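Comments concern the structure below.
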Amino acid sequence: MPGGAIVTQEDWAEVYASYVKQGPVRVRNDARLYGAIGANGDWVIDPKYADLSSFTDGYALARKPGSDDGLIVADDGTEHAVRRAVFRNRGEITDGILTYRQRVSDRRGPRYGLWDVDASKTISEPVFTDVTEFSGGFAAAEMPGSKPSEQVWGIIDRAGNWVIDPAYASYREPERLASGLYLLTEREDSESSYTLAAPETGEVIATGLSARPQEMKHGRILVQPASGGARLINRAGETLFETTSPLEDITPMGDLAVLTFGSRRGAVDAQGNWRLQPRFDQIKFTLPQQVARAYDGNETIFVKADGSILDLDAERTFPISGMNRYARILEDERATALIDPKGQELARIEGLYKLTYETGSEGLVPYRDAEAHKEGFLDAQGKKVIGPFFDVLGPMTEGRAFFLRSDVSGRLFGFIDREGALAIPANYSAVNSFSEGHSLVVDQDGELFFINKQGEMTIHFGTHCGQIVVENAQGERTWPDEQPACEDAAEDGASQDSPAQEGGEQ
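Note that full-length UniProt numbering has the sequence shown beginning at 1, numbered continuously upward.
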């Protein structure tokens, strides 16, 4: 609801907010009819349906009172007719396409067809043995192969036409990658091989691959042919870089990829250029500055992403994550210095290894005060922006850093903000750094749940009869759809998911 406001209406009998995936919220009124409301609480779908599903991909399944026929309702209220047999044997709606199944008498198992929701018509008769979700106008589809009990996969468009012919005898359905390409897996004599296909052009851009491709930025893909080596290709399948040397590992690092050849490592960029020639025993990049601390068998050096070497003593210097700064170990002075890329000292902390350079983030790095034996935060200019008050101080992520302060809260964790103020009280026995606005925590009772940056529980993980149950902040079950059944109820009537108490009577 707008601004987090709570809205309600007198004629609402039940609101099904916990089952919302996207679109309007389904509501049942006092007359036992279903409709849907928008963010301000107004009806966007009038309550006139005997049944109404939650909205998925802009559509919901519905049935009117006194009718055995179903229909599809768009999130703008538009109604779309559906043939009775299609509705009764419906599958999922994705990308405006409803899949449905039909049993064919002379064949084993059902066949799947495609129904265009907006056009209210069949666009492909039931000929497929399986169809995945549509995304970006394409879906993977399965057909019987030429051999008995063989199934082959290909890619179809929204009209049900093959854009990649069904020629891949795969033991698993094709996978749509983040780039929109499809990865098809084949298995022969216990060996797997991979094929990469571009549905937009209808082209197979790489086949006979020995390992999963690695997607890089700018539409580039690193592939490993079964013959050995590696190739960097674009979405058209054009080779930008190729090596025939035996390749053991590929590790993406931002705009670069680290390639391992036996005991040697190098790095290529998304254009296929060697940024680091494969002559290093070790390469460890620190993001986001993309500086590698590399060892070539004789010495340790700093190498930038463009291949240039930084004039820093890499034996005693370490890049700090999350800021363009370095920690230098001053052994003779028994101190740790914060320096810039030119080697200029910005701050000095008494003691060796007193900057936790691997957990730097968002322009702050934890430091440990040698006298207080506590941790605080240092900024990129070397200023102690948060004093050394904490026994444990995690990285600053999304404006929150977890802490443990034993003199105040014992062994419990909480969170501070960028100014060092208490953001979330120390009530947790275990925590994780924030990611996408949430942190996974465990409270003092052993309960596992996600919290937001205000410390409010958003998702709770519990158990019922030994099975995991997911609940929202209101305690409503969101997964699974049905309450798990208790096959063997406890004879004394106790709940099976109640933890046993140590000592005393149960």
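We put the beta carbon where it would ideally sit given N, CA and C, even for glycine.
Please read all numbers here as calculations on a predicted model, not as lab measurements.
List the whole-angstrom C-beta distance separating residue i from residue j, where the pair is believed to meet the contact cut-off of C-beta under 8 Å.
| i | j | result |
| --- | --- | --- |
| T195 | L184 | 4 Å |
| G237 | E215 | That pair is no contact at about 14 Å. |
| E350 | A335 | 6 Å |
| F389 | F402 | No, F389 and F402 are not in contact; Cβ-Cβ is about 14 Å, not under 8 Å. |
| I156 | A169 | In fact, because the Cβ distance is near 17 Å, the residues do not count as touching under 8 Å. |
| Y16 | V25 | 7 Å |
| H464 | F450 | Not quite, the Cβ-Cβ distance comes to about 19 Å (not below 8 Å), so this is no contact. |
Within a Cβ cutoff of 6 Å, which residues of the same chain sit near residue i, ignoring the five residues on either side of it in sequence?
| i | result |
| --- | --- |
| M253 | F285 |
| G160 | L114, I123 and S124 |
| L310 | F302 |
| Q277 | G266 |
| K455 | The sequence given here has Gly at residue 455, not Lys. I424. |
| V392 | L404 |
| V163 | I155, D157, P199 and G202 |
| R418 | G399 |
| T243 | G229 and A230 |
| E175 | L183 |
| T94 | D57, E133 and F134 |
How should residue i be labelled, buried or exposed, when 16 other C-beta atoms within 10 angstroms of its C-beta is the threshold for buried?
| i | result |
| --- | --- |
| Y353 | exposed |
| R84 | exposed |
| R187 | exposed |
| L355 | buried |
| W153 | buried |
| R103 | exposed |
| K121 | exposed |
| A36 | buried |
| A50 | exposed |
| G493 | At G493, the pLDDT of 42 sits below 50, so the modelled position is not reliable; the number obtained from the coordinates is stated separately. Looking at its Cβ environment, which holds fewer than 16 other Cβ atoms inside 10 Å, G493 is exposed. |
| E505 | With a pLDDT of 37 at E505, under the threshold of 50, the modelled position of this residue cannot be trusted; read the value that follows with caution. So E505 ends up on the exposed side. |
| K342 | exposed |
| G23 | buried |
| R32 | exposed |
Look up residue i in the DSSP assignment and say whether it is helix, strand or coil.
| i | result |
| --- | --- |
| E358 | helix |
| R101 | strand |
| K217 | helix |
| S146 | coil |
| S435 | strand |
| V82 | coil |
| F55 | coil |
| F389 | strand |
| F87 | helix |
| D118 | coil |
| S406 | helix |
| L209 | strand |
| D477 | Here the sequence assigns Arg to residue 477, which means Asp is not the residue at that position. Three-state DSSP puts R477 in a strand. |
| H373 | coil |
| F134 | coil |
| P174 | coil |
| S67 | coil |
| A36 | strand |
| T94 | strand |
Which residues in the same chain have their Cβ closer than 7 Å to the Cβ of residue i, if we skip the five residues on either side of it in sequence?
| i | result |
| --- | --- |
| K217 | D255 and A270 |
| K384 | G376 and L378 |
| S245 | G229 and F261 |
| L422 | G414 and I416 |
| A178 | E215 |
Apart from the five residues on each side of it in sequence, which residues of its chain come closer than 8 Å, Cβ to Cβ, to residue i?
| i | result |
| --- | --- |
| L287 | M253, G254 and S321 |
| R101 | N89, G91, P110, R111, Y112, G113 and P126 |
| S498 | Reliability fails at S498, whose pLDDT of 33 lies under 50, so the model's placement of it is uncertain and the value that follows must be treated cautiously. So the list is empty, once near-sequence residues are dropped. |
| R477 | S18, V469, V470, E471 and Q483 |
With DSSP as the reference, please indicate the residues paired to residue i in a beta bridge.
| i | result |
| --- | --- |
| R187 | S192 |
| T251 | V258 |
| R111 | Q102 |
| D269 | L256 |
| Q282 | Y295 |
| Q151 | P144 |
| T239 | I233 |
| Q467 | H464 |
| G77 | Looking at the DSSP assignment, G77 forms no beta bridge with any residue, so it has no partner. |
| E345 | I339 |
| A139 | I156 |
How about residue i: is its Cβ closer than 7 Å to a heavy atom in the ligand SAH?
| i | result |
| --- | --- |
| E398 | Ligands are entirely absent from the displayed structure, and the ligand SAH is therefore not among its contents. |
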